Amino acid sequence: MSDPDDFPTDDDFSTADPDPDEAPTVTCRRCDQTWDLAREFENLGVGNHAIEQFALDHKRHTGHFPDEIRTWRAVCRNCPEEAERLATDAVTRWAETHARHTRHEVEIRHARSDETTRVTADE
Ligand SMILES: [Zn+2]
Ligand SMILES: [Zn+2]
């Protein structure tokens, strides 16, 4: 009996070698689908934005991110606010803004490691 739900090993992530001229594709094992982002790529120009937009849309409509999408999460330690972003600057900006306005302490959970970063309002 095989187990198709096994998570991919690290080897699965080492083959990605983005070609800037090529429209990216995104796969989702949960949906058992692959999408060609040619249209998004043309409209948005930059591959990473196309992927980010697609990933956020996929999450919004299905409740999960596609494969190989690792998100940064900012979680407030003082209130239920949190944000999830694909880019470190975006999540850092959210955390700094939240900390600045609320004086709350926000914890950033890194996308590809167990590391966390604390963000507090400047004194
Ligand atoms: Zn999916
Ligand atoms: Zn807060």
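The sequence shown begins at 81 in our numbering and counts up one residue at a time. Think of the CB as a built atom: it goes at the ideal place given N, C-alpha and C, for glycine as much as any other residue. It should be emphasised that the depicted structure is a prediction, and the values quoted were computed from it without experimental measurement.
Own chain, CB closer than 6 Å to residue i, minus 5 neighbours either side, in chain order
{"i": "Arg183", "result": "Ala201"}
{"i": "Trp152", "result": "Arg165, Thr168, Val171, Ala191"}
{"i": "Phe145", "result": "Ala135, Lys139"}
{"i": "Trp174", "result": "Ala154, Ala163"}
Counted within 10 angstroms of its Cβ, other Cβ atoms place residue i as buried (16 or more) or exposed
{"i": "Cys111", "result": "exposed"}
Cα-Cα separation, residue i to residue j
{"i": "Ala179", "j": "Pro160", "result": "13 Å"}
{"i": "Asp137", "j": "Glu122", "result": "17 Å"}
{"i": "Ala118", "j": "Ala103", "result": "5 Å"}
{"i": "Glu213", "j": "Ala130", "result": "The shown model of the chain, from 81 to 203, leaves out residue 213, and the question about it has no answer."}
{"i": "Arg150", "j": "Thr114", "result": "17 Å"}
{"i": "Gly143", "j": "Ser193", "result": "22 Å"}
{"i": "Arg198", "j": "His141", "result": "30 Å"}
For residue j and residue i, believed in contact at Cβ under 8 Å, the rounded distance
{"i": "Thr196", "j": "Glu187", "result": "5 Å"}
{"i": "Asp147", "j": "Arg109", "result": "6 Å"}
{"i": "Asp206", "j": "Thr105", "result": "Residue 206 is absent from the model: the chain starts at 81 and stops at 203."}
Own chain, CB closer than 8 Å to residue i, minus 5 neighbours either side, in chain order
{"i": "Arg157", "result": "His184, Glu185, Val186, Glu187"}
Any residues whose CB sits closer than 5 Å to a heavy atom of ligand 2? List them in chain order? The set, ordered by position in the chain, is Cys156, Asn158, Cys159, Glu161, Thr182, His184.
Considering only heavy atoms of ligand 1 and the C-beta of each residue, which residues fall inside 7 Å, strictly closer? The set of residues with CB atoms less than 7 Å from any heavy atom of ligand 1 reads, in chain order, Cys108, Arg110, Cys111, Gln113, His138, Thr142, His144, Pro146.
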